[in-house]
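2 protein chains.
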Amino acid sequence: MDLRHLRYFIAVAEEQNIGRAATRLHISQPPLTRQIQQLEEELGVRLLNRTPRGVELTQAGALFLDEARNIRAVVEQATERTQRAGQGKLGRLDVGIFGTAILDAIPKLLLAFRRSYPEVKIVLHTMNKGEQIEALRQRRITVGFNRMLAPLPDITTRLVANERLLLAMSHTSPLAAQESVAFAALRDHPLVLFPTGARPNFIDKVMTLCHEAGFEPIVSQEVSDAITGVALAAGGFGVCLVPESTTSLALPGVIYKPLTGLPHHAQVDLSCIYRSDDQSPILEAFLGTIDEVRADAGSAPA
Amino acid sequence: MDLRHLRYFIAVAEEQNIGRAATRLHISQPPLTRQIQQLEEELGVRLLNRTPRGVELTQAGALFLDEARNIRAVVEQATERTQRAGQGKLGRLDVGIFGTAILDAIPKLLLAFRRSYPEVKIVLHTMNKGEQIEALRQRRITVGFNRMLAPLPDITTRLVANERLLLAMSHTSPLAAQESVAFAALRDHPLVLFPTGARPNFIDKVMTLCHEAGFEPIVSQEVSDAITGVALAAGGFGVCLVPESTTSLALPGVIYKPLTGLPHHAQVDLSCIYRSDDQSPILEAFLGTIDEVRADAGSAPA
DNA sequence: GGATGATCATACTTTAAAGGTATTAATGAG
DNA sequence: CTCATTAATACCTTTAAAGTATGATCATCC
Chain A
1 MDLRHLRYFI AVAEEQNIGR AATRLHISQP PLTRQIQQLE EELGVRLLNR
51 TPRGVELTQA GALFLDEARN IRAVVEQATE RTQRAGQGKL GRLDVGIFGT
101 AILDAIPKLL LAFRRSYPEV KIVLHTMNKG EQIEALRQRR ITVGFNRMLA
151 PLPDITTRLV ANERLLLAMS HTSPLAAQES VAFAALRDHP LVLFPTGARP
201 NFIDKVMTLC HEAGFEPIVS QEVSDAITGV ALAAGGFGVC LVPESTTSLA
251 LPGVIYKPLT GLPHHAQVDL SCIYRSDDQS PILEAFLGTI DEVRADAGSA
301 PA
Chain B
1 MDLRHLRYFI AVAEEQNIGR AATRLHISQP PLTRQIQQLE EELGVRLLNR
51 TPRGVELTQA GALFLDEARN IRAVVEQATE RTQRAGQGKL GRLDVGIFGT
101 AILDAIPKLL LAFRRSYPEV KIVLHTMNKG EQIEALRQRR ITVGFNRMLA
151 PLPDITTRLV ANERLLLAMS HTSPLAAQES VAFAALRDHP LVLFPTGARP
201 NFIDKVMTLC HEAGFEPIVS QEVSDAITGV ALAAGGFGVC LVPESTTSLA
251 LPGVIYKPLT GLPHHAQVDL SCIYRSDDQS PILEAFLGTI DEVRADAGSA
301 PA
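Chains as they are written, first to last, in UniProt numbering: chain A, 1 to 302; chain B, 1 to 302.
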């Protein structure tokens with residue numbers, strides 16, 4: 001049996017007349033007669049009673065008409081859903097996120113994507129840089145978000161945001177009175193650094209900036225993540241260099257100050273990463289959303 | 001799109017390999033490759049990612065696999081149901097019944113049919129002789145039950161039961177003391193006759209029997225149906241000739257007596273009637289059940 | 001790192017089946 | 001009894017699916 005048989009049978013049943021049905025189907029009458037005969041033979045069931053004025057459905061034929069219409073509807077729905085999936089409009093996007101990277105930019109991005117593609121289910125997985133790479137390769141996630149990723153052949157990196165550096169400190173800090181802080185002034189202040197973890201990382205970046213500025217920083221403490229770092233800064237353990245988006249962390253007693261005297265490259269990137277050979281339409285859609293969001297942010301910066 | 005495409009795609013998806021799937025489908029690899037390409041082109045969706053070790057499903061492909069399996073199941077179920085309908089095992093049987101004909105024989109028959117064909121819905125329609133003929137011609141019913149039907153060209157009659165005649169009377173009747181009643185004795189007893197309605201009917205039959213026995217009966221009352229007739233007999237209006245199955249009507253004060261001295265043809269038939277040109281499998285099944293029930297009754301009479 | 005083997009894709013041919021034309025058979029209407 | 005209508009059949013054409021042979025690509029193994 002064939003979908004064509006169903007289509008033909010529906011036409012014949014609706015017209016109650018093989019010739020008229022053939023016209024409607026844009027074929028001639030004899031092949032239609034044959035196709036219906038073939039269908040009946042294959043099912044082993046008489047579907048039509050032939051009369052001199054046309055045909056009429058048997059009881060089995062009436063039942064089969066219902067079934068045929070149902071099948072047609074199911075097939076239509078299947079193709080429609082598949083096509084939406086093929087356009088990235090229906091499906092699932094697994095996203096690897098890295099602790100503090102979830103602040104600010106990423107929620108905006110995910111919300112924008114969900115607005116454009118409401119039928120794509122977004123599943124978040126918290127994992128660190130190494131785990132993200134591993135999960136990408138194993139296809140457990142489609143995209144990850146990270147900072148300062150060393151380039152890899154099979155992973156493509158796409159810049160999502162480039163943030164200024166700010167200085168987090170306790171409101172009791174001697175630097176708190178100033179409107180802004182000169183980077184070079186940090187030579188005399190103990191620093192809380194983060195994150196400890198796979199190199200290269202943000203600690204390396206800060207160290208390099210200090211060296212470029214001509215001093216060796218006083219390291220008060222190295223901690224695993226930004227939240228801990230800011231908390232320690234609030235507690236007076238020292239000052240802590242953070243990406244701008246960290247200001248979303250409004251811990252009590254913490255104030256953030258802009259820095260002056262930093263080189264242009266003293267910014268910290270936030271990148272989206274994905275498998276270079278991934279051609280899935282959902283990924284494409286997601287990358288498109290990134291572009292849109294960046295364009296919006298560029299045209300109307302906050 | 002075609003059911004073949006679905007079958008092929010399911011095989012490819014399950015084997016994750018076009019060549020192996022082709023073997024499983026008993027075709028060679030190139031046409032299978034082409035059919036899959038064709039399917040993708042028609043949907044406008046990439047369903048497979050080709051790798052050097054075979055193929056893997058895209059997200060849309062995985063969704064389509066589910067849909068394809070679903071369609072296959074729906075189609076299988078449709079053919080299965082249609083085939084059962086074609087064998088008379090699934091569907092609907094509309095039956096016209098005539099008042100008192102519902103006693104005894106017909107319930108037995110309908111129960112036997114329902115036991116053999118539990119998925120055929122039996123719908124009963126109470127209608128008289130003329131209405132049954134009309135309803136048969138208009139296909140509102142498939143079979144009817146009736147007595148003493150005059151032969152018609154487009155309606156076939158099939159004898160279901162042939163019943164003796166009994167005499168219903170009040171237990172206070174002078175005839176009540178006898179074990180049986182000689183038919184000729186009825187010449188002196190007023191008769192309650194039924195049914196009034198389309199000729200020929202049971203009244204004609206009784207009158208003929210009386211004439212053959214050489215007397216003109218005293219007609220006490222003519223009534224529309226057996227129940228009324230028996231009730232009047234119970235009330236002392238006279239005696240009432242009834243088919244044997246009427247004994248199911250155990251009205252208070254009524255007794256039934258066998259008759260002696262009747263000719264062989266003094267029996268009343270109960271027949272099933274149906275359109276002569278009706279070839280529906282459900283009718284065939286029902287006629288088959290009639291045969292079986294009669295055979296059972298014949299081999300082991302009550 | 002080049003040979004090897006596996007896999008999918010392409011080109012071309014064969015075969016099967018769907019579609020078309022002409023005609024017949026059956027049946028009801030005028 | 002003829003005519004019109006309808007489905008069925010016979011035969012031919014065309015389309016498309018299947019087969020054969022071969023090429024391209026890429027991972028794997030010595």
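Idealized CB from N, CA, C, for every residue including glycine. Bear in mind the structure is a predicted one, so any value in this text is a computation, not a measurement.
### Query
Using the C-alpha atoms, what's the distance from E222(B) back to A302(B)?
Because the pLDDT of A302(B) is 43, which lies under 50, any placement of that residue in the model is unreliable, and the number read from its coordinates should be weighed accordingly. For the pair A302(B) and E222(B), the Cα-to-Cα distance works out to about 32 Å.
### Query
Which residue spans inside the stretch 93 to 178 of chain B form an unbroken alpha helix (DSSP H) run of at least 4?
Segments of the alpha helix (DSSP H) lying fully in the stretch 93 to 178 of chain B: 105 to 116 and 129 to 137.
### Message
Strictly below 8 Å CB to CB, what residues from chain B border D154(A)?
### Response
At a beta-carbon threshold of 8 Å, none of the residues of chain B lie near D154(A); the nearest stands roughly 14 Å away.
### Query
Can you find a CB in chain A that lies within less than 7 Å of the CB of G19(B)?
No, its Cβ sits nowhere closer than 7 Å to a Cβ of chain A.
### Message
Can you give me the C-alpha to C-alpha distance between R84(B) and I218(B), rounded to a whole angstrom?
### Response
Their backbone Cα atoms lie some 56 Å apart in a straight line.
#### Entry: chain A contact for G86(B) (CB, 7 Å cutoff)
At least one chain A Cβ lies under 7 Å of G86(B).
### Query
Hey, is A302(A)'s beta-carbon within less than 7 Å of any beta-carbon in chain B?
Note that A302(A) scores a pLDDT of 43, beneath 50, so its modelled location is shaky; the value from the coordinates is reported in the next line. Not one chain B Cβ lies under 7 Å of A302(A).
### Query
What residues in the stretch 275 to 289 of chain B have a beta carbon less than 7 Å from any beta carbon of chain A?
Of all residues in the stretch 275 to 289 of chain B, only S280 and I282 place a beta-carbon less than 7 Å from a beta-carbon of chain A.
### Query
How many angstroms separate the CA atom of M207(A) from the CA atom of V239(A)?
M207(A) and V239(A) have their C-alpha atoms spaced approximately 14 Å apart.
### Query
Whose Cβ in chain A lies nearer than 7 Å to the Cβ of A60(B)?
Chain A residues near A60(B): T82, A85 and G86.
### Task
Consider the Cβ of T51(B): report whether some Cβ of chain A lies at a distance smaller than 7 Å.
T51(B) does not count as touching chain A.
### Task
Could you confirm whether any beta carbon from chain B is found closer than 7 Å to the beta carbon of R69(A)?
Residue contact check for R69(A) against chain B: no CB pair falls below 7 Å.
### Task
Give the DSSP bridge partners of E284(A), in chain order.
In the DSSP assignment, E284(A) forms no beta bridge with any residue.
### Query
Exposed or buried, what is S28(B) when buried is set at 16 or more other beta-carbons lying within 10 Å of its beta-carbon?
Flag for S28(B) reads exposed.
### Query
Going along the chain, which residues of the UniProt domain "HTH lysR-type" (1 to 58) of chain A sit with their C-beta nearer than 7 Å to a C-beta in chain B?
Answer in chain order: M1, D2, L3, L43, G44, V45, R46 and T58.
### Task
Tell me whether the beta-carbon of T58(B) lies closer than 7 Å to the beta-carbon of R69(B).
It is not a contact, given that the beta carbons lie outside the stated cut-off.
### Query
Leaving out five residues before and five after E15(B) in sequence, what residues of the same chain have Cβ atoms less than 6 Å from its Cβ?
The residues are A21.
### Query
Which same chain residues, not among the five before or five after I18(B), have their C-beta less than 8 Å away from its C-beta?
Correct list, in chain order: V12, Q29, L32, T33, I36, G54 and V55.
### Query
Under 7 Å, do E163(A) and V242(A) count as touching if we go by C-beta distance?
Contact flag unset, no.
### Query
In or out: T246(A) buried (at least 16 other Cβ within 10 Å) or exposed?
So T246(A) ends up on the buried side.
### Query
Which residues share a DSSP beta bridge with L255(A)?
Residue identity differs from the one stated: residue 255(A) is Ile in this sequence, not Leu. In DSSP, I255(A) forms a bridge with M169(A).
### Query
Going straight from the alpha carbon of residue 305(A) to that of E80(A), what length do you get?
With chain A represented from 1 up to 302, any question about residue 305(A) goes unanswered, as that position is not in the structure.
### Task
Please name the residues in the stretch 230 to 242 of chain A whose beta-carbon is closer than 7 Å to at least one beta-carbon of chain B, in chain order.
Here the close residues number zero.
### Task
Examine the Cβ distances between the stretch 142 to 158 of chain A and the stretch 264 to 283 of chain A and report whether three or more of them are shorter than 8 Å.
Touching, yes.
### Query
In this structure, what does DSSP give as the bridge partners for P243(A)?
In DSSP, P243(A) forms a bridge with L165(A).
### Message
Any heavy atom of the ligand PLP closer than 6 Å to the beta-carbon of L270(A)?
### Response
Absence of the ligand PLP is noted for the structure shown, with no ligands found whatsoever.
### Query
What does G91(A) touch in chain B if you count any residue whose Cβ is under 8 Å from its own?
Result: Q59, A60 and L63.
### Query
If contact means a Cβ-Cβ distance below 7 Å, which residues of the stretch 120 to 138 of chain B contact chain A?
If the cut-off is 7 Å between Cβ atoms, the stretch 120 to 138 of chain B has nothing near chain A.
### Task
Compare the Cα-Cα distances from L191(A) to each of A73(A), Q138(A) and L232(A) and report the closest residue.
Looking at A73(A), Q138(A) and L232(A), the one whose alpha-carbon comes closest to that of L191(A) is L232(A).
### Message
What does the alpha-carbon distance come out to for the pair L48(B) and G61(B)?
### Response
When rounded, the distance between both Cα atoms is 6 Å.
### Query
Can you name, in chain order, every residue of its own chain whose Cβ lies under 6 Å from the Cβ of A168(B), other than the five neighbours on each side?
Closer than 6 Å at the Cβ level, and outside the excluded window around A168(B), lie V230, A233, C240, V242, V254 and Y256.
### Task
Hey, could you find the ends of the alpha helix (DSSP H) R34(A) is sitting in?
Where R34(A) is concerned, the enclosing alpha helix (DSSP H) starts and stops at Q29 to L43.
### Message
Does R115(A) pass the burial test, meaning 16 or more other C-beta atoms within 10 Å, or should it be called exposed?
### Response
Under this definition R115(A) is an exposed residue.
### Task
Report the partner residues of A226(A) according to the DSSP bridge assignment.
Beta-bridge analysis with DSSP links A226(A) to no other residue.
### Message
Check whether the stretch 129 to 149 of chain A and the stretch 176 to 183 of chain A touch, using three or more Cβ-Cβ pairs below 8 Å as the test.
### Response
Taking 8 Å as the limit for Cβ pairs, the verdict is that the stretch 176 to 183 of chain A does not touch the stretch 129 to 149 of chain A.
### Query
Which residues in the same chain have their Cβ closer than 7 Å to the Cβ of N146(A), if we skip the five residues on either side of it in sequence?
F98, A101, K129, Q132, S271 and I273.
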